[in-house]
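Going by my numbering, the sequence shown opens with residue 3, and the numbers climb by one from there.
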Amino acid sequence: MAAAPFVKLALSDSGQAATGTGQGSGDGMEGMETTVPAGEPMSHASMIGDAVQAVGGPKDLDALLYPPRALPGQPGRVREYEVTAFDRDLEVFPGITFAAWTYNGTVPGPIIRATEGDLLRVKFTNAGSMAHTIHFHGIHPANMDGVFEIVNTGESFTYEFPASPAGFHLYHCHVSPLKKHIHKGLYGAFIIDPPEPRPPAQELVMVMNGFDTDGDGGNNFYSVNGRPFYYAKYPIRVSRSQTVRIYLANLTEFDQINSIHLHGDFFRYYPTGSTDSYEYTDTVMLCQGQRGIIEIDFANTGLFMFHAHQSEFTELGWMGFFEVVD
Ligand SMILES: [Cu+2]
Numbered sequence: 003m004a005a006a007p008f009v010k011l012a013l014s015d016s017g018q019a020a021t022g023t024g025q026g027s028g029d030g031m032e033g034m035e036t037t038v039p040a041g042e043p044m045s046h047a048s049m050i051g052d053a054v055q056a057v058g059g060p061k062d063l064d065a066l067l068y069p070p071r072a073l074p075g076q077p078g079r080v081r082e083y084e085v086t087a088f089d090r091d092l093e094v095f096p097g098i099t100f101a102a103w104t105y106n107g108t109v110p111g112p113i114i115r116a117t118e119g120d121l122l123r124v125k126f127t128n129a130g131s132m133a134h135t136i137h138f139h140g141i142h143p144a145n146m147d148g149v150f151e152i153v154n155t156g157e158s159f160t161y162e163f164p165a166s167p168a169g170f171h172l173y174h175c176h177v178s179p180l181k182k183h184i185h186k187g188l189y190g191a192f193i194i195d196p197p198e199p200r201p202p203a204q205e206l207v208m209v210m211n212g213f214d215t216d217g218d219g220g221n222n223f224y225s226v227n228g229r230p231f232y233y234a235k236y237p238i239r240v241s242r243s244q245t246v247r248i249y250l251a252n253l254t255e256f257d258q259i260n261s262i263h264l265h266g267d268f269f270r271y272y273p274t275g276s277t278d279s280y281e282y283t284d285t286v287m288l289c290q291g292q293r294g295i296i297e298i299d300f301a302n303t304g305l306f307m308f309h310a311h312q313s314e315f316t317e318l319g320w321m322g323f324f325e326v327v328d
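Dropping the structure here:
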């Protein structure tokens, strides 16, 4: 690909936002400009609401944030999903486009949810420019693993297996070069509910990721659910009266770890969501592919920040706020 000018978002040591320019080759970088408010102090107060630069309207990410309802176990039930892979340019930050490979047009892909014991049937169609598959985490036969059956452009494959074990999992493409197929956007959240559903809660899904928008093998932006700074522009409103349950997964490529830190409260963290044992903390660290379930019972109302505790990731988009109300 031809060299193209790009603008790199950075924060100076004085805490002021600035834009820098450079030369690089990469995906979708042609002719873009950022308009980060240079010279203005970046207090957290200026990082909420309309002052925040993030792509999209207030409901754009609802389908990725709010999972479908949990269903109690029912013998013989089939849960069917259709997933289509296709290439799509996504504006991830105002003026900055990422040439994504998507499942169903979004990064991350759609939330897939089933109850333990359901027969999960996922019809996968590859309408993209490269061969892809879907590899699910969890228990399934070897011929449903998304490794051996390569689905070429124009082909389909149906994955079918009993959903197990209960917990929070993920799915992603498993075609080589793996790093590229994952980083380009082919991943998503996969919830398997226990037959007796978890107690009622305000349920949210957060998939942590990064975007290498200049093609240099390192991330230029970080987010949950694919839009840097989005939940700072649109804080997530929750009620203090009911537990907030977050299904959290790390699909960040290139960086070894990612993390989440909650301000003003503690939460229970259930690794992989597969046992009853939990850690009571305000920060958890996840390697790529690790995931778990967070349950928060907010003690107070108000605005509470959440963000990666890698400060660099925070300042490049992986941050947001809960608005806790009565
Ligand atoms: Cu792929």
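By construction, the Cβ of each residue, glycine as well, lies at the ideal position given by its N, Cα and C atoms. Remember, it's a predicted structure, so these values are computed and weren't measured experimentally.
message: Going by the DSSP bridge assignment, what does GLU52 pair with across the sheet?
response: Looking at the sequence provided, one finds Asp at residue 52 rather than Glu. Answer is none; ASP52 lacks a bridge partner.
query: So, using beta-carbon positions, are GLU255 and LYS181 closer together than 7 Å?
result: Pairing GLU255 with LYS181 gives a Cβ-Cβ distance under 7 Å.
query: Taking the Cβ atom as the reference point for each residue, do PHE126 and PHE159 lie within a distance shorter than 7 Å?
result: yes
query: Which residue comes first and which comes last in the beta strand (DSSP E) that contains PHE95?
result: 80–95
- request: Report, in whole angstroms, the separation of the C-beta atoms of TYR236 and SER225, which I expect to be a contact under 8 Å.
  value: That belief does not hold up - the Cβ atoms of TYR236 and SER225 are roughly 13 Å apart, past 8 Å.
query: Straight-line CA distance for MET49 to ASN145?
result: 48 Å
- request: Could you tell me which of ILE259, ALA133, GLY319 sits nearest to PRO179, measuring between CA atoms?
  value: ALA133
query: If you run the structure through DSSP and keep just helix, strand and coil, what is ALA4?
result: Unreliable placement is indicated for ALA4, whose pLDDT of 32 sits below 50; no coordinate value is reported for it.
message: On the criterion of 16 or more Cβ atoms from any shown chain inside 10 Å, does VAL124 qualify as buried, or is it exposed?
response: buried
task: On a CA-only basis, which of CYS175, ARG270, ALA234, LEU67 is nearest GLN55? Give me that one, please.
output: ALA234
- request: Give me the Cα-Cα distance between ASP29 and ALA102, rounded to the nearest whole angstrom.
  value: Residue placement at ASP29 is flagged as unreliable, the pLDDT there being 38, under the threshold of 50; the coordinate-derived value follows with that caveat. C-alpha separation (whole angstroms): 9 Å.
- request: Could you tell me whether the segment 110–124 touches the segment 192–211, using the rule of 3 or more Cβ pairs below 8 Å?
  value: yes
query: Got a sec: does ligand 1 put a non-hydrogen atom nearer than 6 Å to the Cβ of LEU63?
result: Taking 6 Å as the cut-off, the C-beta of LEU63 does not count as close to any heavy atom of ligand 1.
query: Can HIS134 be considered in contact with ligand 1, in the sense that its beta carbon sits closer than 6 Å to one or more heavy atoms?
result: Using a cutoff of 6 Å, the CB of HIS134 counts as near ligand 1, since one of the ligand's heavy atoms is closer than that.
- request: Can you tell me the Cβ-Cβ gap for LEU66 and THR108, rounded? I've got them flagged as a contact below 8 Å.
  value: 6 Å
query: Just to confirm, are ASN260 and ALA310 a CB contact at a threshold of 7 Å?
result: yes
Range of the contiguous beta strand (DSSP E) that encloses TYR236: Here TYR236 belongs to no beta strand (DSSP E), and DSSP marks it neither H nor E.
- request: Give, in chain order, every unbroken run of the beta strand (DSSP E) that is at least 3 residues long and sits entirely within the segment 212–253.
  value: 223–226, 238–241, 246–252
query: First and last residue of the beta strand (DSSP E) that includes THR285?
result: 285–289
task: Check ASN145 in the structure and name its three-state DSSP category.
output: Note: ASN145 maps to helix in three-state DSSP.
- prompt: Who are THR316's beta bridge partners in DSSP?
  reply: Beta-bridge pairing links THR316 to no other residue.
query: What residues are listed by DSSP as bridge partners for ALA102?
result: Per DSSP, ARG90.
query: How big is the Cα-Cα spacing for TYR271 and TRP320?
result: 19 Å
- prompt: Is HIS1 near ligand 1, going by C-beta to nearest heavy atom under 6 Å?
  reply: Because the chain in this structure spans residues 3 to 328, residue 1 falls outside the shown range and cannot be described.
- prompt: Mapping DSSP to helix, strand and coil, what is LYS125?
  reply: strand
- prompt: Does the Cβ of VAL149 lie closer than 6 Å to at least one heavy atom of ligand 1?
  reply: no
field: Any non-hydrogen atom of ligand 1 closer than 6 Å to VAL177 Cβ
entry: yes
- prompt: Apart from the five residues just before and just after LEU318, which ones in its own chain have a Cβ nearer than 6 Å to its Cβ?
  reply: PHE223, TYR224
field: Residue from GLY51, ILE295, GLY156, THR215 whose Cα sits closest to the Cα of GLN204
entry: Among GLY51, ILE295, GLY156, THR215, the Cα nearest to that of GLN204 is on ILE295.
Helix, strand or coil at ALA191 [DSSP, three-state]: Correct three-state label for ALA191: strand.
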